[in-house]
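Student: This is the structure I want to talk about, given as structure tokens.
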Amino acid sequence: MSKENLDSSNYESTRAERSSSDKRSFDVVIVGGGPTGCAVGMFTARAGLVTCILDRGPSSLKHCAFLENYLGYPAGISTDRYLEIIQNQVERAGCVLNSQLVTAVRSESNVFEVETNEGNCVNAERVVCTSKADVSFLEPLDRDGTLLEPYEARFCPHGHERTRFASGVVEDSGKTPIGGLYAAGPLAGVGDQVQISAGHGAMVGRQVVADSRREDGYWDDVAKWFDWCPPKSRGNYSPSQHWRETILEELPKALDEDELVANDHPVSDIIDDVVADTLEMYVSLEQVKKMKREAQYQLAQHLDTEVLRTVYDERIEPDAAPSSI
Ligand SMILES: Cc1cc2nc3c(=O)[nH]c(=O)nc-3n(C[C@H](O)[C@H](O)[C@H](O)COP(=O)(O)OP(=O)(O)OC[C@H]3O[C@@H](n4cnc5c(N)ncnc54)[C@H](O)[C@@H]3O)c2cc1C
Numbered sequence: 389m390s391k392e393n394l395d396s397s398n399y400e401s402t403r404a405e406r407s408s409s410d411k412r413s414f415d416v417v418i419v420g421g422g423p424t425g426c427a428v429g430m431f432t433a434r435a436g437l438v439t440c441i442l443d444r445g446p447s448s449l450k451h452c453a454f455l456e457n458y459l460g461y462p463a464g465i466s467t468d469r470y471l472e473i474i475q476n477q478v479e480r481a482g483c484v485l486n487s488q489l490v491t492a493v494r495s496e497s498n499v500f501e502v503e504t505n506e507g508n509c510v511n512a513e514r515v516v517c518t519s520k521a522d523v524s525f526l527e528p529l530d531r532d533g534t535l536l537e538p539y540e541a542r543f544c545p546h547g548h549e550r551t552r553f554a555s556g557v558v559e560d561s562g563k564t565p566i567g568g569l570y571a572a573g574p575l576a577g578v579g580d581q582v583q584i585s586a587g588h589g590a591m592v593g594r595q596v597v598a599d600s601r602r603e604d605g606y607w608d609d610v611a612k613w614f615d616w617c618p619p620k621s622r623g624n625y626s627p628s629q630h631w632r633e634t635i636l637e638e639l640p641k642a643l644d645e646d647e648l649v650a651n652d653h654p655v656s657d658i659i660d661d662v663v664a665d666t667l668e669m670y671v672s673l674e675q676v677k678k679m680k681r682e683a684q685y686q687l688a689q690h691l692d693t694e695v696l697r698t699v700y701d702e703r704i705e706p707d708a709a710p711s712s713i
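End of the sequence shown = 713 in this note's numbering, gap-free, step of one.
See the structure below:
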């Protein structure tokens, strides 16, 4: 886990910063950096939302002896290595990772204040809880006592008293009755297993991005339209023209144009932004070649040198015994 400072001054200004400039601010703060939290952060950071993941304490995956049933690793992967890889991946995607324990979340003038055990406090426009077993840090937000409930945790060596979301308050999309507050993964009631946890985290991450875009005036069809990686070589139409026409075709069905203009975001600006973002997603064959190579190097950083050497030697001497690995 990186020890990156919580100072967000190196990042583009966030909306939370605009409302309160004296605190370090993020568009999204994610509590918990296990599979669920990393999946949320992957989508929010890639969509340009300034994202911080606060993760302190062991992922419940650390209690698993070996991860065998997650797709992508033919013979499974050690849980430590898996967590190292996903945290490295979200950092590359732009998330700030910090190993502090969230002790309280408050809400002031539509901005969340997230306090940590080290006495730090950051502002966030949205908070996503992925802490799996406990959300007692949300107690300051539960003014009428309907958000949370106590429960007895099973299989827990350090005391059983925990706090969770009250039954039925978290929607499938991860939204809670408090605007801007979300829950994802087992904490949101989707069940265990890493693929399920990460899958729900991805869904909630995309929901957060779409909600943020809707606030900026994007309509449903385009709010959810991001993070694809099409090749530039596909077909020979002009992508720019194609997307502009597609968006314009959808527009009359999607919304009342006056509404968008009244929302301080003229339709034409949004269309320009969407077209520009869409074009940025296209990658040339040359870029794909570079990406493939870079991806292999990145993956190799996480493999044991001894194993890499053995695999390399075996290529030259096919009779070398793999049992020596
Ligand atoms: C014994 C055991 C075996 C398992 N075996 C498998 C298996 O074989 N295959 C499989 O797919 N799944 C397995 N699982 C399930 C898997 O571990 C979970 O589905 C998955 O870890 C859930 O991911 P998560 O990110 O929601 O929670 P977690 O992985 O628990 O991550 C939550 C993170 O939030 C942090 N956190 C909590 N509170 C705070 C706070 N206040 N501030 C900051 N950080 C906080 C925690 O320290 C943790 O790092 C197993 C689980 C256990 C217990």
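We treat Cβ as the ideally placed atom computed from N, Cα and C, and that holds for glycine. Here the structure is a predicted model, which is why all the values come from computation and not from measurement.
Measure from the alpha carbon of residue 562 to the alpha carbon of each residue in 458, 589, 497, 548, then state which is nearest.
Tutor: The sequence position of residue 562 within the sequence shown is 174, counting from 1. Nearest of 458, 589, 497, 548 to residue 562, Cα basis: 589.
Student: Do the segment 511-526 and the segment 549-566 meet, that is, are 3 or more Cβ pairs less than 8 Å apart?
Tutor: They touch, by the three-pair rule.
Student: Are the segment 413-431 and the segment 570-590 touching by the rule of at least three beta carbon pairs closer than 8 Å?
Tutor: Short answer: they touch.
Student: At which residues does the beta strand (DSSP E) containing residue 601 begin and terminate?
Tutor: Here residue 601 refers to the residue found at position 213 when the sequence shown is read from its first residue. Counting along the chain, residue 601 falls outside any beta strand (DSSP E), though it belongs to the alpha helix (DSSP H) covering 582-603.
Student: Determine the extent of the alpha helix (DSSP H) in which residue 559 is found, giving its start and end residues.
Tutor: For this step, residue 559 is matched to residue 171 along the sequence shown. Residue 559 -> no alpha helix (DSSP H), and no H or E assigned at all.
Student: Report the residue from 657, 699, 628 whose alpha carbon sits nearest the alpha carbon of residue 667.
Tutor: In the sequence shown, counting from the first residue as 1, residue 667 sits at position 279. The shortest C-alpha separation from residue 667 is found at 628.
Student: Taking just the CA atoms, how far does residue 663 sit from residue 701?
Tutor: Your numbering for residue 701 matches position 313 in the sequence shown. Your numbering for residue 663 matches position 275 in the sequence shown. One C-alpha to the other measures close to 49 Å.
Student: May I ask which residues mark the beginning and end of the beta strand (DSSP E) holding residue 495?
Tutor: Locating residue 495 in the sequence shown gives position 107, where the first residue counts as 1. From DSSP, the beta strand (DSSP E) with residue 495 extends over 490-496.
Student: Determine the contact status of residue 442 and residue 491, defining contact as a CB-CB distance below 8 Å.
Tutor: On the sequence shown, residue 442 is found 54 positions in, with the first residue counted as 1. On the sequence shown, residue 491 is found 103 positions in, with the first residue counted as 1. Result no, Cβ atoms of residue 442 and residue 491 do not sit closer than 8 Å.
Student: For residue 409, which three-state DSSP category applies?
Tutor: For the purposes of this step, residue 409 is taken as the residue at position 21 of the sequence shown. Annotation note: pLDDT 48 at residue 409 (below 50); position unreliable, coordinate value reported separately. In this structure, residue 409 counts as coil in the three-state DSSP scheme.
Student: Report whether the distance from the Cβ of residue 582 to the nearest heavy atom of ligand 1 is below 7 Å.
Tutor: Taking the first residue of the sequence shown as position 1, residue 582 is located at position 194. Checking every heavy atom of ligand 1 against the Cβ of residue 582, one is found closer than 7 Å.
Student: Ordered along the chain, which non-local residues of its own chain (more than five positions away) have a Cβ less than 6 Å from that of residue 464?
Tutor: Counted from its first residue, the sequence shown places residue 464 at position 76. Answer for residue 464: 454, 455, 456, listed in chain order.
Student: In the DSSP output, which residue or residues are listed as bridge partners for residue 540?
Tutor: Mapped onto the sequence shown, residue 540 falls at position 152. In DSSP, residue 540 forms a bridge with 549.
Student: List the endpoints of the continuous beta strand (DSSP E) containing residue 426.
Tutor: As a working note, residue 426 is residue 38 in the sequence shown. It is not in any beta strand (DSSP E) - residue 426 instead sits in the alpha helix (DSSP H) that spans 423-434.
Student: For residue 419 and residue 485, what's the separation of their Cα atoms in angstroms?
Tutor: Stepping through the sequence shown from its first residue, residue 419 is reached at position 31. Stepping through the sequence shown from its first residue, residue 485 is reached at position 97. Distance between the alpha carbons of residue 419 and residue 485: 10 Å.
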